[in-house]
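If you read the sequence shown in the working numbering, its first letter stands for residue 13, the second for the next number, and so on.
See below for the structure under consideration.
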Amino acid sequence: MADKIVVLDGYTLNPGDITWQGFEQLGDLTVYERTPPAQAVVRAQNCPYVMTNKVELGRVEIAQLPQLKYIGVLATGYNIIDTEAAAKRGIIVTNVPTYGTDSVAQHATALMLESVRQIGIHNEAVKAGKWTKSIDWCFALAPISELTGKVLGVIGIGRIGRAFAKIAGAMGMRLIAHDEYPPDQSVLDKLQVEMVDMDAVFQQADVISLHCPLTPKTDRLINKQRLEMMKSNAILINTSRGPLMDNQELADALRAGQIAGAAVDVLDEEPPPDGNPLIGAPNCIVTPHLSWYAKEARQRLMGIAVDNLKAFIAGDPVNTVQ
Numbered sequence: 013m014a015d016k017i018v019v020l021d022g023y024t025l026n027p028g029d030i031t032w033q034g035f036e037q038l039g040d041l042t043v044y045e046r047t048p049p050a051q052a053v054v055r056a057q058n059c060p061y062v063m064t065n066k067v068e069l070g071r072v073e074i075a076q077l078p079q080l081k082y083i084g085v086l087a088t089g090y091n092i093i094d095t096e097a098a099a100k101r102g103i104i105v106t107n108v109p110t111y112g113t114d115s116v117a118q119h120a121t122a123l124m125l126e127s128v129r130q131i132g133i134h135n136e137a138v139k140a141g142k143w144t145k146s147i148d149w150c151f152a153l154a155p156i157s158e159l160t161g162k163v164l165g166v167i168g169i170g171r172i173g174r175a176f177a178k179i180a181g182a183m184g185m186r187l188i189a190h191d192e193y194p195p196d197q198s199v200l201d202k203l204q205v206e207m208v209d210m211d212a213v214f215q216q217a218d219v220i221s222l223h224c225p226l227t228p229k230t231d232r233l234i235n236k237q238r239l240e241m242m243k244s245n246a247i248l249i250n251t252s253r254g255p256l257m258d259n260q261e262l263a264d265a266l267r268a269g270q271i272a273g274a275a276v277d278v279l280d281e282e283p284p285p286d287g288n289p290l291i292g293a294p295n296c297i298v299t300p301h302l303s304w305y306a307k308e309a310r311q312r313l314m315g316i317a318v319d320n321l322k323a324f325i326a327g328d329p330v331n332t333v334q
């Protein structure tokens, strides 16, 4: 009899446009579109292999799953799992670290371009008839600027940060970056990235883009003090993690005109509750955590997740996390 595989929250990965066939070939698969926290243990009961994207499996849940051998996180971030509790039980935990590099970097680029070209508001204005009624052959509702010659500051120059920097460099931007663990100098030289300290990024950059992990050190990295360091024409981009920003202090800076704008794909609570200060803040673009969501990226995620489980079953686990 085939071992049971359960996917606790499969809908965001696969709303129906890709296939679960790879997992179906490895065991008796059950896919739940969404799982409320109170149902996680019930649905994972008697399953050696559990896949989860955002459903938490903490110490309490793991203790109630005696047959659990393997947790496959269908994402890069794995803070939803109590890895210490899993390790004590000998449970292997894996993640998918590389699937979304291009998708996220391209989304960050789209946010940056939208911030300086203001395409959305002009498209809506045309649809509302403002061009038809204009006395001039063109009109602008907001400042529009070029990126050529501007300074891009990247905080976190890992895979995604480097992919984004490469695109920005092709548009003629000067590149500076800060990272606690920078890549080899040969990599930086190829990209023409200058490594600087954190304060220098905030003081010099016209665009700052966050590509660092969420850690105790980077929690609320964007706060009143650092916002005060930024240029008045600067734009902040965040496609990494919502708690990297103090949402309220960023909204306050936008309302005060302290910086020119922000464009974020993540918030400190998702989905956001009513009243999140960044939703509706002036000069702030918010997209609903979809930088990773390109179909090609999700197909890669699915393939790597399947390969992770295959490797574990074969006795040679890969992409393990602790």
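Here a beta-carbon is modelled for each residue, glycine too, at the ideal position from N, C-alpha and C.
Per-residue DSSP class, three states only, for residue i
i: residue 238; result: helix
i: residue 295; result: coil
i: residue 186; result: strand
i: residue 170; result: coil
i: residue 83; result: strand
i: residue 17; result: strand
i: residue 206; result: strand
i: residue 136; result: helix
i: residue 142; result: coil
i: residue 25; result: coil
i: residue 180; result: helix
i: residue 148; result: coil
i: residue 211; result: helix
i: residue 198; result: helix
i: residue 34; result: helix
i: residue 175; result: helix
Segment limits, alpha helix (DSSP H) that includes residue i
i: residue 113; result: 113 to 129
i: residue 95; result: 95 to 101
i: residue 72; result: 71 to 75
i: residue 311; result: 307 to 325
Beta-carbon separation (whole angstroms), residue i vs residue j, contact threshold 8 Å
i: residue 280; j: residue 300; result: That pair is no contact at about 14 Å.
i: residue 332; j: residue 64; result: With a Cβ gap of about 16 Å, residue 332 and residue 64 do not count as contacting.
i: residue 20; j: residue 56; result: 7 Å
i: residue 73; j: residue 92; result: So it is not a contact: roughly 10 Å between Cβ atoms.
i: residue 157; j: residue 128; result: 5 Å
i: residue 250; j: residue 257; result: 6 Å
i: residue 184; j: residue 160; result: 4 Å
i: residue 53; j: residue 18; result: In fact, because the Cβ distance is near 11 Å, the residues do not count as touching under 8 Å.
i: residue 25; j: residue 313; result: 6 Å
i: residue 271; j: residue 239; result: 6 Å
i: residue 167; j: residue 190; result: 5 Å
i: residue 262; j: residue 290; result: 6 Å
Beta-bridge pairing of residue i - partner residues as DSSP gives them
i: residue 104; result: 82
i: residue 163; result: 186
i: residue 332; result: 106
Any non-hydrogen atom of the ligand FMN within 7 Å of residue i CB
i: residue 292; result: The model on display carries no ligand, and the ligand FMN is accordingly not part of it.
Identify every run of the beta strand (DSSP E) within the segment 216 to 281, keeping only runs that are complete inside it and at least 3 residues long; order them along the chain.
-> 219 to 222, 247 to 250 and 273 to 276
Beta strand (DSSP E) segments (min. 3 residues) lying fully within the segment 37 to 69 = 40 to 43 and 61 to 64
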